[in-house]
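First the structure, in the form of structure tokens, and then the observations on it.
Numbering (the numbering used here), first residue to last: 216 to 593.
Next up, the structure:
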């Protein structure tokens, strides 16, 4: 019986706690008036006669309204250039409270006429746009790339606040192009005939990367031919050149192993009994490695000063491998893997252009990672 009484007590206590949470009472006691109103509204929508929720809503709404109006008055008196955004935020919160109450018939009994500040909100939004526009003009007047970026974001905020305010679209476009870094990417020059096709493919991968680059809107890459045709004056030039590369260095190793196995049937007696003995063989294992490697130099140069801004070298290596074997003696001395290796024949390696392409793959990965890292926050 005691256990049952304890269980009922805990259930009752849990219901009290849960009721306090769902009616917004706890939020009210913590001074979170907006949350308290929202919880009380939600409770009254499901339980219109809940007396506690009604009491919470009445108190929380009045306190929330007073709190937001106080913050609005304080913001208007401050020297913050962007004080109108704080004013706008609090008017939005007041209007949201009213909208929530207006969707709940039981709530309108408690708060018959929740106040909304439509004109005041519109005025504060307009004033906020004016402040951001003036800030953008000031940044743009500094005539440097970093300030132009700040101007762009200021005009972007104006667009969100007042889409058709003055000439904001034109100013935003002006700020963008003042902030952009134009990077001309020079093609890789590869004069060695056998590798031209692979070099072209490597160049195509780089061209595809720069054409799809979008991590930083203020950096635009141009292939050199496009920049020439469109008469683009670059801010920087990115050049790529192989310091050196070697394709098809061949190394062949031979390893000889003496093999023997005991207890192998090597014959039989006259009365047909097995004769056991030791079998031997000499296994020659051949390993061929064809190594190809290169070193790519990436240099980023300032167009006007001709000074190197960034330089990095990227190594790449690819090793093609083949192995086979031959033997002399009794094949029963070999295990299954060794015997299978003797049945393999030496195969032809890939052509030189394919080997060239393989060692450029790790170079490409390093290159694009470095370019992204360098320009993503440029």
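All C-beta atoms in this analysis are idealised placements derived from N, C-alpha and C, irrespective of residue type, glycine included.
{"Check": "Option in 544, 581, 273, 564 with minimal Cα separation from residue 510", "Outcome": "581"}
{"Check": "Residue 280, DSSP secondary structure in three states", "Outcome": "helix"}
{"Check": "Sequence-distant residues of its chain with Cβ nearer than 7 angstroms to residue 251 (five each side left out)", "Outcome": "239, 242, 243, 271, 275"}
{"Check": "With 16 other Cβ atoms within 10 Å as the buried cut-off, status of residue 492", "Outcome": "exposed"}
{"Check": "Cα-Cα separation between residue 365 and residue 507, rounded to whole angstroms", "Outcome": "48 angstroms"}
{"Check": "Whether residue 458 touches residue 512 by CB criterion (9 angstroms)", "Outcome": "yes"}
{"Check": "In chain order, each beta strand (DSSP E) run of at least 3 residues that lies wholly inside the stretch 335-418", "Outcome": "396-400"}
{"Check": "Nearest residue (CA-CA) to residue 456, options 334, 301, 575", "Outcome": "575"}
{"Check": "Minimum C-alpha distance to residue 442 - residue among 401, 477, 273, 559", "Outcome": "401"}
{"Check": "Status (buried if at least 16 other CB within 10 Å, exposed otherwise) for residue 449", "Outcome": "buried"}
{"Check": "Burial state of residue 383, where buried means 16 or more other Cβ atoms lie within 10 Å", "Outcome": "buried"}
{"Check": "Contact check, residue 373 vs residue 351, beta carbons under 9 angstroms", "Outcome": "yes"}
{"Check": "Boundaries (first-last residue) of the beta strand (DSSP E) holding residue 489", "Outcome": "489-517"}
{"Check": "Residue 531 versus residue 381 - alpha carbon distance", "Outcome": "55 angstroms"}
{"Check": "Nearest candidate by alpha-carbon position, reference residue 206, set 538, 544, 565", "Outcome": "Given that the chain is displayed from residue 216 to residue 593, the structure contains no residue 206 and the question cannot be resolved."}
{"Check": "The stretch 326-333 / the stretch 302-316 touching (three or more Cβ pairs under 8 angstroms)", "Outcome": "yes"}
{"Check": "Through-space distance from residue 353 to residue 665, alpha-carbon basis", "Outcome": "With the chain covering 216 to 593 only, the question about residue 665 has no answer from this structure."}
{"Check": "Contact check, residue 494 vs residue 547, beta carbons under 9 angstroms", "Outcome": "yes"}
{"Check": "CA-to-CA distance, residue 432 to residue 279, given in whole angstroms", "Outcome": "42 angstroms"}
{"Check": "Among 429, 298, 404, 557, the one whose alpha carbon lies nearest that of residue 417", "Outcome": "404"}
{"Check": "Alpha carbon of residue 428 to alpha carbon of residue 341, nearest angstrom", "Outcome": "36 angstroms"}
{"Check": "Selected residue, minimal CA-CA separation from residue 317, among 543, 479, 253, 562", "Outcome": "253"}
{"Check": "Span of the beta strand (DSSP E) around residue 665", "Outcome": "Summary: the structure shown does not reach residue 665, with the chain confined to residues 216 through 593, and so no result is reported for it."}
{"Check": "Residue of 424, 345, 570, 516 minimising C-alpha distance to residue 536", "Outcome": "570"}
{"Check": "Separation of residue 460 from residue 369, as counted between CA atoms", "Outcome": "49 angstroms"}
{"Check": "Residue 575, DSSP secondary structure in three states", "Outcome": "helix"}
{"Check": "Status (buried if at least 16 other CB within 10 Å, exposed otherwise) for residue 294", "Outcome": "exposed"}
{"Check": "Alpha-carbon spacing of residue 268 relative to residue 248, whole angstroms", "Outcome": "13 angstroms"}
{"Check": "Closest by C-alpha distance to residue 479, when choosing among 300, 549, 591", "Outcome": "549"}
{"Check": "Residue-level contact to chain B via CB, residue 524, 9 angstroms cutoff", "Outcome": "Here chain B cannot be found, since the structure has a single protein chain."}
{"Check": "Proximity to residue 335 [Cα-Cα], best of 540, 284, 346", "Outcome": "284"}
{"Check": "Close beta carbons around residue 217, own chain, < 6 angstroms, minus the five adjacent residues each side", "Outcome": "Its pLDDT being 47, under 50, residue 217 is placed unreliably in this model, and the coordinates cannot settle the point."}
{"Check": "Residues near residue 306 by beta carbon distance below 8 angstroms, same chain, minus five either side", "Outcome": "283, 287, 332, 335, 336, 339"}
{"Check": "Which of helix, strand or coil DSSP assigns to residue 306", "Outcome": "helix"}
{"Check": "Residue 388 versus 489, 371, 398, residue with shortest Cα-Cα distance", "Outcome": "371"}
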